[in-house]
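At position 46 of the sequence shown the residue is numbered 46 (UniProt numbering), and the sequence of numbers has no breaks. See below for the structure under consideration.
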Amino acid sequence: MEKQAGTAGAPEGAGPNRKHWGSATCGQTAGDTLDSPTGSHVEWCKQLIAATISSQISGSVPPDIVNRDNKAGRRPDFMVSKRLNPRQDLHDDGLCYHGENDSDHSSNALNLPALRYGAQGRMFQNQVPLLPGETVHTTVKDVMYICPFSGLVSGTLTITDYKLYFTSVERDSPFILDVNLGAISRLETISVPTQGENTKGLELVCKDMRSPRFTYKTDESHPDVVEALAKHTFPLSHNLPLFAFLYKEQFPVDGWKVYDPTAEYRRQGLPNESWIISKINSTYDLCDTYPSILVIPTNITDEDIKRVAVFRAKHRIPVLSWIHPESQATIVRCSQPLVGPSDRRCKEDERFLQIIMDANAQSHKLTIFDARQSSVAVTNKAKDGGYESESFYPNVELNFLEIPNIHVMRESLRKMKDVVYPTIDEAHWHSAIDQTHWLEYIRLLLAGAAKIADKLESGKTSVVVHCSDGWDRTTQLTSLAMLMLDSYYRTLRGFQVLVEKEWISFGHKFAARVGHGDENHANSERSPLFVQFVDCVWQMTRQVRVLHQVSETSRK
Numbered sequence: 001m002e003k004q005a006g007t008a009g010a011p012e013g014a015g016p017n018r019k020h021w022g023s024a025t026c027g028q029t030a031g032d033t034l035d036s037p038t039g040s041h042v043e044w045c046k047q048l049i050a051a052t053i054s055s056q057i058s059g060s061v062p063p064d065i066v067n068r069d070n071k072a073g074r075r076p077d078f079m080v081s082k083r084l085n086p087r088q089d090l091h092d093d094g095l096c097y098h099g100e101n102d103s104d105h106s107s108n109a110l111n112l113p114a115l116r117y118g119a120q121g122r123m124f125q126n127q128v129p130l131l132p133g134e135t136v137h138t139t140v141k142d143v144m145y146i147c148p149f150s151g152l153v154s155g156t157l158t159i160t161d162y163k164l165y166f167t168s169v170e171r172d173s174p175f176i177l178d179v180n181l182g183a184i185s186r187l188e189t190i191s192v193p194t195q196g197e198n199t200k201g202l203e204l205v206c207k208d209m210r211s212p213r214f215t216y217k218t219d220e221s222h223p224d225v226v227e228a229l230a231k232h233t234f235p236l237s238h239n240l241p242l243f244a245f246l247y248k249e250q251f252p253v254d255g256w257k258v259y260d261p262t263a264e265y266r267r268q269g270l271p272n273e274s275w276i277i278s279k280i281n282s283t284y285d286l287c288d289t290y291p292s293i294l295v296i297p298t299n300i301t302d303e304d305i306k307r308v309a310v311f312r313a314k315h316r317i318p319v320l321s322w323i324h325p326e327s328q329a330t331i332v333r334c335s336q337p338l339v340g341p342s343d344r345r346c347k348e349d350e351r352f353l354q355i356i357m358d359a360n361a362q363s364h365k366l367t368i369f370d371a372r373q374s375s376v377a378v379t380n381k382a383k384d385g386g387y388e389s390e391s392f393y394p395n396v397e398l399n400f401l402e403i404p405n406i407h408v409m410r411e412s413l414r415k416m417k418d419v420v421y422p423t424i425d426e427a428h429w430h431s432a433i434d435q436t437h438w439l440e441y442i443r444l445l446l447a448g449a450a451k452i453a454d455k456l457e458s459g460k461t462s463v464v465v466h467c468s469d470g471w472d473r474t475t476q477l478t479s480l481a482m483l484m485l486d487s488y489y490r491t492l493r494g495f496q497v498l499v500e501k502e503w504i505s506f507g508h509k510f511a512a513r514v515g516h517g518d519e520n521h522a523n524s525e526r527s528p529l530f531v532q533f534v535d536c537v538w539q540m541t542r543q544v545r546v547l548h549q550v551s552e553t554s555r556k
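Laid out in structure tokens, this is it:
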């Protein structure tokens, strides 16, 4: 199923050589140059928001489903930066860059090819393909797969420490079902009264919206399928290692070195007279959910930073994520201030934001984008959280992006699954999708990221982005805005760096949100935040495919 929540293209990034940004037309073919004398990022942002809002209001059929043509009219224009090299040739074996290099800021980490996968798996004796390090643990014959489309399929079920692999025994219509165990959210027993005595039913409720069902005999000759499957599907709950630590593939590129924070900040032209690359968090004592290397303002003392940390939730102080190559406008991320019901103040925090504002000589204002719904932010004050008061932060503009919390997103995806699996009600398709609000939330994220990008590019104004703790919606927004602003992040390697930097190093709670290897599926911390981000990226690649090396295939 293809979906389109209003599409998103993105302006390109910039490089350490600090060249002027060119412009490009999104409607170019793959053979066209990316440089063009026409185009406007401001216009692009406006059209992006208009397109996403329009698609939600109209509820029209996605153009790819109608006739594979773009029915939304002319693709919008947007800015092209030259923070590495905007012109790239795509080859099967990696990237081929054309253009100038900046020796002062180049790094081996930046010049390496993107991390790629592709080692050949070996074959087990019953033709189950295995990855290096993968082991077969259980094989069960005479299992019936309850196909929602064609009925019962008889076959053999194989359980490894990585996947469930079902193969049919009917030679006339071979059938294979391959389910990565990490995609399984929970296991449920189901009743199968029509299959006779000593028969059990099992449903695999998956995170990718599938819910395959099986029925099997429970006599002594059959192993306990549920027990064996649960053991390897949820290894952390059974004191076993994740399969990642059993995986034996030898990679040509060391994935642990894909992201070098110092090299990435140097690529952006840092440090400079206003910003330094600091190791104040080298032992993670300042903030245990932040990376060890941070970019902070030059004119701030360590003691002031420590006071600011006490005033920010989880000690997540304002730090730089990205800097504009010309205006020096910045994207700064943090968590909410702990103002509480009594409107507490922190002079050091107020001065900190003033210094961030002053670091950008092109603007005398600072915009704070609070991802939360304004009503929730007000409620958080009663819990010792809150938001910045414009009375205490001069020349600061506060904008709420009205994006709901993780619990709303979890429920939205659950509703989406009910709509698309196992069957689709064609007669009520649009209304059913609309009632999930999933595409509405995708639109909110894309529109919020576009506002951030527009504020930097058109308004030449620095922005501060936060939600409550600064590791969920904040991460979604900063990474999407950076993807729009910087062409490097739209290369395969750059996208890997973006995820490592904004998501992993800045403490997104992947384990809690995804629940990988944990059988506690009812944990309220579960939420599809990264899935939402990937959906947003998909929307952007659908808008301007030629300017993205990231595709559906590469994201797999």
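Glycine included, C-beta positions come from ideal geometry on N, C-alpha and C. Please read all numbers here as calculations on a predicted model, not as lab measurements.
- Item | Simplified DSSP assignment, three categories, for F369 | Counting from one through the sequence shown, the residue named residue 369 turns up at place 369. Of the three classes helix, strand and coil, the one that applies to F369 here is strand, per DSSP.
- C206 - containing beta strand (DSSP E), residue span: Indexing the sequence shown from 1 puts residue 206 at position 206. Where C206 is concerned, the enclosing beta strand (DSSP E) stretches over 199-206.
- Item | Spatial distance of L152 from K455 (CA atoms) | Reading the sequence shown from its first residue, position 152 is the one you call residue 152. Reading the sequence shown from its first residue, position 455 is the one you call residue 455. Those two C-alpha atoms are separated by around 57 Å.
- Task: Identify the continuous alpha helix (DSSP H) that holds residue 567 and give its terminal residues.
- Result: Here the chain covers residues 1 to 556 and nothing more, so residue 567 does not appear.
- For V192, the nearest candidate out of P174, D370, R213 (CA to CA): If you number the sequence shown from 1, residue 192 lands on position 192. Minimum Cα distance to V192 is reached at R213.
- Going by other Cβ atoms of all chains shown within 10 Å of its Cβ, with 16 needed for buried, is R414 buried or exposed? For this step, residue 414 is matched to residue 414 along the sequence shown. A residue is called buried once 16 or more other Cβ atoms fall within 10 Å of its Cβ, and R414, having fewer, is exposed.
- Scan the stretch 457-503 and note each continuous beta strand (DSSP E) run of 3 residues or more that stays entirely inside, going in chain order. Listed in chain order, they are 462-466.
- Do G385 and G340 have their C-beta atoms closer together than 9 Å? One-based indexing of the sequence shown puts residue 385 at position 385. One-based indexing of the sequence shown puts residue 340 at position 340. Between G385 and G340, the C-beta spacing is below 9 Å.
- What residues are listed by DSSP as bridge partners for G155? For the purposes of this step, residue 155 is identified with residue 155 of the sequence shown, where counting begins at 1. Under DSSP, G155 shares a beta bridge with V143, S168.
- Task: Within the same chain, show all residues whose beta-carbon is closer than 6 Å to that of E519, passing over the 5 residues directly before and after it, in chain order.
- Result: Mapped onto the sequence shown, residue 519 falls at position 519. F234, S237.
- Task: Within the same chain, show all residues whose beta-carbon is closer than 7 Å to that of V550, passing over the 5 residues directly before and after it, in chain order.
- Result: Reading the sequence shown from its first residue, position 550 is the one you call residue 550. Within its own chain, the residues whose Cβ lies closer than 7 Å to the Cβ of V550, once the five positions on either side in sequence are excluded, are R490, L492, F495, V537, T541, listed in chain order.
- Query: By DSSP, does F400 sit in helix, in strand, or in coil?
  - Reply: Stepping through the sequence shown from its first residue, residue 400 is reached at position 400. Three-state DSSP puts F400 in a strand.
- Query: Skipping 5 residues on each side, what residues in its chain have a beta carbon closer than 7 Å to that of Y421?
  - Reply: For the purposes of this step, residue 421 is taken as residue 421 along the sequence shown, with counting starting at 1. Same-chain partners within the cutoff: M209, R210, S211.
- Between which two residues does the alpha helix (DSSP H) containing K217 stretch? To locate residue 217, count along the sequence shown from 1; it is residue 217. DSSP places K217 in no alpha helix (DSSP H) but in the uninterrupted beta strand (DSSP E) bounded by 213-217.
- Quick one: using the 10 Å Cβ neighbour count with 16 as the cut-off for buried, is residue 560 buried or exposed? Not covered by the structure: residue 560. The range shown for the chain is 1 to 556.
- Message: At the level of alpha carbons, what is the spacing between E249 and G133?
- Response: On the sequence shown, position 249 is the one that residue 249 refers to. On the sequence shown, position 133 is the one that residue 133 refers to. C-alpha of E249 to C-alpha of G133: approximately 8 Å in a straight line.
- Own chain residues within Cβ distance below 8 Å of M357, not counting five before or after: Within the sequence shown, residue 357 is the residue found at index 357, counting from 1. Cβ within range, chain order: S363, H364, K365, L366, N395, V396, S462.
- Query: Does the beta-carbon distance from T158 to T135 come in below 9 Å?
  - Reply: Here the question's residue 158 lines up with position 158 in the sequence shown. Here the question's residue 135 lines up with position 135 in the sequence shown. Against a cut-off of 9 Å, the Cβ pair of T135 and T158 comes out as no contact.
- Query: Based on the DSSP secondary-structure assignment, which residues constitute the bridge partners of I190?
  - Reply: Taking the first residue of the sequence shown as 1, we reach residue 190 at position 190. For I190, which the question treats as bridged, DSSP gives the partners G201.
- Task: Could you please give the first and the last residue of the uninterrupted beta strand (DSSP E) stretch that includes V544?
- Result: Start at 1 with the first residue of the sequence shown, and residue 544 comes out as number 544. No beta strand (DSSP E) contains V544, which DSSP labels as neither H nor E.
- Message: Taking only three categories from DSSP, how would you classify H508?
- Response: Walking along the sequence shown from the start, residue 508 turns up at place 508. In the three-state DSSP reduction, H508 falls in the coil class, being neither helix nor strand.
- Query: Just checking, does the stretch 278-291 make contact with the stretch 316-332 on the three C-beta pairs under 8 Å criterion?
  - Reply: By the C-beta criterion, the stretch 278-291 is judged to be in contact with the stretch 316-332, since at least 3 inter-stretch pairs fall below 8 Å.
- Item | Under the three-state DSSP convention, the category S274 falls into | On the sequence shown, residue 274 is found 274 positions in, with the first residue counted as 1. When DSSP states are grouped into helix, strand and coil, S274 belongs to the coil group.
- Cβ-based burial, W256 [other Cβ within 10 Å; buried from 16]: Start at 1 with the first residue of the sequence shown, and residue 256 comes out as number 256. Classification of W256: exposed, given that the 10 Å Cβ count is below 16.
- Item | Own chain partners of N299 with C-beta closer than 6 Å, once the 5 adjacent residues on each side are dropped | Taking the first residue of the sequence shown as position 1, residue 299 is located at position 299. The residues are I355.
- Task: Would you tell me roughly how many angstroms separate the C-alpha atoms of N360 and Q476, rounded to the nearest one?
- Result: Within the sequence shown, the letter at position 360 stands for residue 360. Within the sequence shown, the letter at position 476 stands for residue 476. Approximately 24 Å between the Cα atoms of the pair.
- Item | For H466 and D370, the rounded distance between their alpha carbons | Here residue 370 refers to the residue found at position 370 of the sequence shown. Here residue 466 refers to the residue found at position 466 of the sequence shown. Cα to Cα, D370 sits roughly 5 Å from H466.
- Item | Proximity to K231 [Cα-Cα], best of G517, V376, H521, P252 | In the sequence shown, the residue the question calls residue 231 occupies position 231. Just measuring C-alpha positions, the residue of G517, V376, H521, P252 sitting nearest K231 is G517.
- Message: Using the three-state DSSP reduction, which class does I331 fall into: helix, strand or coil?
- Response: Numbered from its first residue, the sequence shown carries residue 331 at position 331. When DSSP states are grouped into helix, strand and coil, I331 belongs to the strand group.
- Rounded to a whole number of angstroms, what is the C-alpha to C-alpha distance between P129 and D224? Position 129 of the sequence shown, counted from the first residue, corresponds to residue 129. Position 224 of the sequence shown, counted from the first residue, corresponds to residue 224. Going from the Cα of P129 to the Cα of D224 covers about 23 Å.
- Item | Rounded C-alpha distance that separates L229 from F149 | Within the sequence shown, residue 229 is the residue found at index 229, counting from 1. Within the sequence shown, residue 149 is the residue found at index 149, counting from 1. The alpha-carbon atoms of L229 and F149 are separated by roughly 25 Å.
- Can N272 be considered in contact with the ligand GDP, in the sense that its beta carbon sits closer than 8 Å to one or more heavy atoms? With respect to small molecules bound, the structure shown includes none, and the ligand GDP cannot be examined in it.
- Query: In angstroms, rounded to a whole number, what distance separates the CA positions of E273 and K306?
  - Reply: Within the sequence shown, residue 273 is the residue found at index 273, counting from 1. Within the sequence shown, residue 306 is the residue found at index 306, counting from 1. Their Cα atoms are separated by approximately 22 Å.
- Sort out for me which residues DSSP pairs N281 with in a bridge. Residue mapping note: residue 281 aligns to position 281 of the sequence shown, counting from 1. Bridge partners of N281 according to DSSP: none are assigned.
- Message: Cutting at 6 Å between CB atoms, please list the residues of its own chain near E402, excluding the five before and the five after it.
- Response: In the sequence shown, the residue the question calls residue 402 occupies position 402. Answer for E402: Q373, listed in chain order.
- Message: I'd like the ranges of any alpha helix (DSSP H) spanning at least 4 consecutive residues and lying wholly in the stretch 334-366.
- Response: Entirely contained in the stretch 334-366, the alpha helix (DSSP H) runs reaching 4 residues are, in chain order, 347-358.
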